[in-house]
Amino acid sequence: MPALVPELVNAAMESSTLPSDVLRRALVVAQRLGVSELTDWISSELKGYKSDDVPEYRRVRARFMGLDEKGNLIQFPTSPEMIELFSNFAVRDSVSQLMRCAQDKITIYSVPTSIDERFTQRAYEKYGFRMHPVRVLSDIQQQGILEQVKTRVLEWALDLEVKGVLGEGMTFTPQEKQTVQEQHYHFGDVSGSQIQIGSNGSQQTQTQTGGDTAALSALIEVLREAIQQEHIEAEAREELQADLATLQAQAASPKPKWAIIKATAQSIKAVLENAVGGVLSAKALPYLTALL
Numbered sequence: 008m009p010a011l012v013p014e015l016v017n018a019a020m021e022s023s024t025l026p027s028d029v030l031r032r033a034l035v036v037a038q039r040l041g042v043s044e045l046t047d048w049i050s051s052e053l054k055g056y057k058s059d060d061v062p063e064y065r066r067v068r069a070r071f072m073g074l075d076e077k078g079n080l081i082q083f084p085t086s087p088e089m090i091e092l093f094s095n096f097a098v099r100d101s102v103s104q105l106m107r108c109a110q111d112k113i114t115i116y117s118v119p120t121s122i123d124e125r126f127t128q129r130a131y132e133k134y135g136f137r138m139h140p141v142r143v144l145s146d147i148q149q150q151g152i153l154e155q156v157k158t159r160v161l162e163w164a165l166d167l168e169v170k171g172v173l174g175e176g177m178t179f180t181p182q183e184k185q186t187v188q189e190q191h192y193h194f195g196d197v198s199g200s201q202i203q204i205g206s207n208g209s210q211q212t213q214t215q216t217g218g219d220t221a222a223l224s225a226l227i228e229v230l231r232e233a234i235q236q237e238h239i240e241a242e243a244r245e246e247l248q249a250d251l252a253t254l255q256a257q258a259a260s261p262k263p264k265w266a267i268i269k270a271t272a273q274s275i276k277a278v279l280e281n282a283v284g285g286v287l288s289a290k291a292l293p294y295l296t297a298l299l
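First residue of the sequence shown? That's 8 in this note's numbering, and the numbers climb one at a time after it.
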């Protein structure tokens, strides 16, 4: 009978094998070996991610465009800061969805309803016609995600082969299972590698890169209080409320995206300088400076 791991290696190497099929083969191996880290990752890839907390290879730079009433894509008229903010996109689709979308040259993703209504109304007031803000991904970007998935499975399967974990007869011996249990496989993103492999009990150090969480929390509180006081012009209030919601979502995330936080801070700074000023600007500026 064939061996599970060599078959998985061959499938991951073969360009004609669908990524979804590679993942299902990997799921069999992972479950029979008891590798929960891989099982969780495969489940997210097959079913789709439930939040924006996705692996780094699923974070892409989308084109932030406008979709008019005739279905035409046009450049959306907004600030560079807002374009930067909404261009950073976490692709949550399942592998099967990505495979279908990649058959077309582009895929259009809508933005949250609250953001759509805000920008659509603003475009109508300024230009006299409705334009919905959307994110646009190319087929090349989607294919890139699919290739990353197959590569991760291949690297893991090759590591198993090197360690003599083969799964002859479609099953694994107690010794093979013990060998895997002595390893730690991390399928999140590690700089310079696709997967992180290390022995249990070994120490690994990693520099924590991020931003000023204290400044983020303080800025959220300043904005919340200012908005509640109701002495800000309606348009500026609307922009600050949207920015506040973005900051609160990032602050609540176990892995806040500091690039998004920085872009939002830039947007807030522009609003304060152009439309608000005064006491609120003085209160918020130190925290904005810390985040920029």
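Using N, Cα and C, we set each Cβ at its ideal position, and we do this for glycine too.
* **Contact under 7 angstroms by Cβ, S27 with V102** => Stepping through the sequence shown from its first residue, residue 27 is reached at position 20. Stepping through the sequence shown from its first residue, residue 102 is reached at position 95. In this structure, V102 lies closer than 7 angstroms to S27 by Cβ.
Practice problem: Please list, in chain order, all residues of the same chain as T253 whose beta carbon is under 6 angstroms from its beta carbon, the five residues on each side excluded. | Solution: Along the sequence shown, read from residue 1 onward, the residue named residue 253 stands at position 246. Here the set comprises T271.
message = Can you list, in chain order, the residues of its chain with a C-beta nearer than 7 angstroms to that of S224? Leave out the 5 residues immediately preceding and following it.
response = By 1-based counting over the sequence shown, the position of residue 224 is 217. Closer than 7 angstroms at the Cβ level, and outside the excluded window around S224, lie A258.
Assess, as a yes-or-no matter, whether the region 168 to 183 is touched by the region 120 to 130 under the definition of 3 or more beta carbon pairs within less than 8 angstroms.
no
Taking the Cβ atom as the reference point for each residue, do V187 and A19 lie within a distance shorter than 7 angstroms?
Within the sequence shown, the letter at position 180 stands for residue 187. Within the sequence shown, the letter at position 12 stands for residue 19. Against a cut-off of 7 angstroms, the Cβ pair of A19 and V187 comes out as no contact.
>> Extract the residue ranges of the alpha helix (DSSP H) inside the region 245 to 281, only unbroken runs of 4 or more that lie entirely within it.
In response: 265 to 278
Next on the checklist: Using 8 angstroms as the cut-off, can you tell me whether the region 28 to 37 makes contact with the region 55 to 66, which would need three or more C-beta pairs spanning the two stretches below that distance?
Outcome noted: no
Name the DSSP bridge partner or partners of I113?
For this step, residue 113 is matched to residue 106 along the sequence shown. I113 pairs with S145.
For V229, the first and last residue of its enclosing alpha helix (DSSP H): Your numbering for residue 229 matches position 222 in the sequence shown. Segment T220 to Q235, the alpha helix (DSSP H) holding V229.
Handout entry: Classification of R70 by the beta-carbon crowding that lies within 10 angstroms, buried from 16 upward
Key = Against the sequence shown, residue 70 aligns to sequence position 63. Under this definition R70 is a buried residue.
* Asked: Can you tell me whether Q182 is buried or exposed, with buried defined as 16 or more other CB within 10 angstroms of its CB?
  -> Walking along the sequence shown from the start, residue 182 turns up at place 175. Per the 10 Å Cβ criterion, exposed.
> Is it buried or exposed for R107, if we count other Cβ within 10 angstroms and need 16 for buried?
Replying inline: Residue 107 sits at position 100 when you count from the first residue of the sequence shown. The residue in question, R107, is exposed, as its Cβ has fewer than 16 Cβ neighbours within 10 Å.
Ordered list of beta strand (DSSP E) runs contained in the region 29 to 107, each at least 3 residues: 66 to 68, 70 to 75, 80 to 82 and 95 to 97
- Since M20 is in the alpha helix (DSSP H), which residue starts that stretch and which ends it? Counted from its first residue, the sequence shown places residue 20 at position 13. Element bounds for M20: L11 to M20.
Exercise for review: Check whether the region 140 to 154 touches the region 80 to 97, taking contact to mean three or more Cβ pairs, one atom from each stretch, closer than 8 angstroms.
Suggested key: yes
Practice task
Quick one: using the 10 Å Cβ neighbour count with 16 as the cut-off for buried, is G176 buried or exposed?
Solution key: For this step, residue 176 is matched to residue 169 along the sequence shown. Its Cβ having fewer than 16 others within 10 Å, G176 is exposed.
- Task: Could you round the C-beta distance between A109 and L80 to whole angstroms and report it? I think they count as a contact, below 8 angstroms.
- Result: Looking up residue 109 in the sequence shown gives position 102. Looking up residue 80 in the sequence shown gives position 73. Their Cβ separation, rounded to whole angstroms, is 18 angstroms, which puts A109 and L80 out of contact at 8 angstroms.
| Straight-line CA distance for I268 to T24? | Mapped onto the sequence shown, residue 268 falls at position 261. Mapped onto the sequence shown, residue 24 falls at position 17. Distance between the alpha carbons of I268 and T24 is about 39 angstroms.
Quiz prompt | Coarse secondary structure for P140, derived from DSSP in three states | solution = Numbered from its first residue, the sequence shown carries residue 140 at position 133. Note: P140 maps to strand in three-state DSSP.
Practice prompt. Can you have a look at Q273 and say buried or exposed, based on whether 16 or more other CB atoms are within 10 angstroms of its CB?
Written response: In the sequence shown, the residue the question calls residue 273 occupies position 266. With 16 or more other Cβ atoms within 10 Å, it is buried.
Suppose contacts are defined by Cβ-Cβ distances below 7 angstroms. Is L230 in contact with L251 by that definition? Position 223 of the sequence shown, counting from 1, holds the residue named residue 230. Position 244 of the sequence shown, counting from 1, holds the residue named residue 251. Yes, these two residues count as a Cβ contact at 7 angstroms.
Between A10 and W163, what straight-line distance do the alpha-carbon atoms span, to the nearest angstrom? Here residue 10 is taken as the residue at index 3 of the sequence shown, counted from 1. Here residue 163 is taken as the residue at index 156 of the sequence shown, counted from 1. Roughly 16 angstroms between the two C-alpha positions.
*Hey, would you say Y56 sits closer than 7 angstroms to Q155, going by beta carbons?*
As a working mapping, residue 56 is identified with position 49 in the sequence shown. As a working mapping, residue 155 is identified with position 148 in the sequence shown. Not in contact: Y56 and Q155 (Cβ atoms no closer than 7 angstroms).
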